[in-house]
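The working numbering puts the first residue of the sequence shown at 189, with every later residue one more than the last.
Scroll down for the structure; my scribbles are underneath it.
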Amino acid sequence: MSSMRNFKETSRKDKIAEDSSSEFIGVITTRPDNQNDEKIQKLKKVLHTPEVKKFIEETFHGDIIPVFE
Numbered sequence: 189m190s191s192m193r194n195f196k197e198t199s200r201k202d203k204i205a206e207d208s209s210s211e212f213i214g215v216i217t218t219r220p221d222n223q224n225d226e227k228i229q230k231l232k233k234v235l236h237t238p239e240v241k242k243f244i245e246e247t248f249h250g251d252i253i254p255v256f257e
């Protein structure tokens with residue numbers, strides 16, 4: 189959790205400037221040969237939960253915006 193806290197404290201002053209209309213996004217990808225791997229599917233399921241969305245919103249205060257449903 190300390191790395192998240194450190195990011196939160198420094199993200200606003202150290203981040204690369206992006207215009208508010210920027211469509212810059214972060215994506216987690218996999219190779220085609222393991223996209224259906226059980227571990228990948230579990231990770232995908234966990235990362236797309238309401239709890240993770242809430243954590244991102246409360247921790248990063250708009251510096252990172254979750255775009256999954």
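We treat Cβ as the ideally placed atom computed from N, Cα and C, and that holds for glycine.
Small disclaimer: the values here were computed from a predicted structure and weren't measured.
- Here K232 has no same chain residue with a Cβ atom under 7 Å from its own Cβ, once five neighbours each way along the sequence are excluded.
- Across the set G214, I213, I228, the C-alpha of I228 shows the shortest separation from the C-alpha of P220.
- Per DSSP, reduced to three states, the secondary structure at Q223 is coil, with no helix or strand assignment.
- Take I213, set aside five residues on each side of it, and the residues of its chain with a beta-carbon closer than 8 Å to its own are V255, in chain order.
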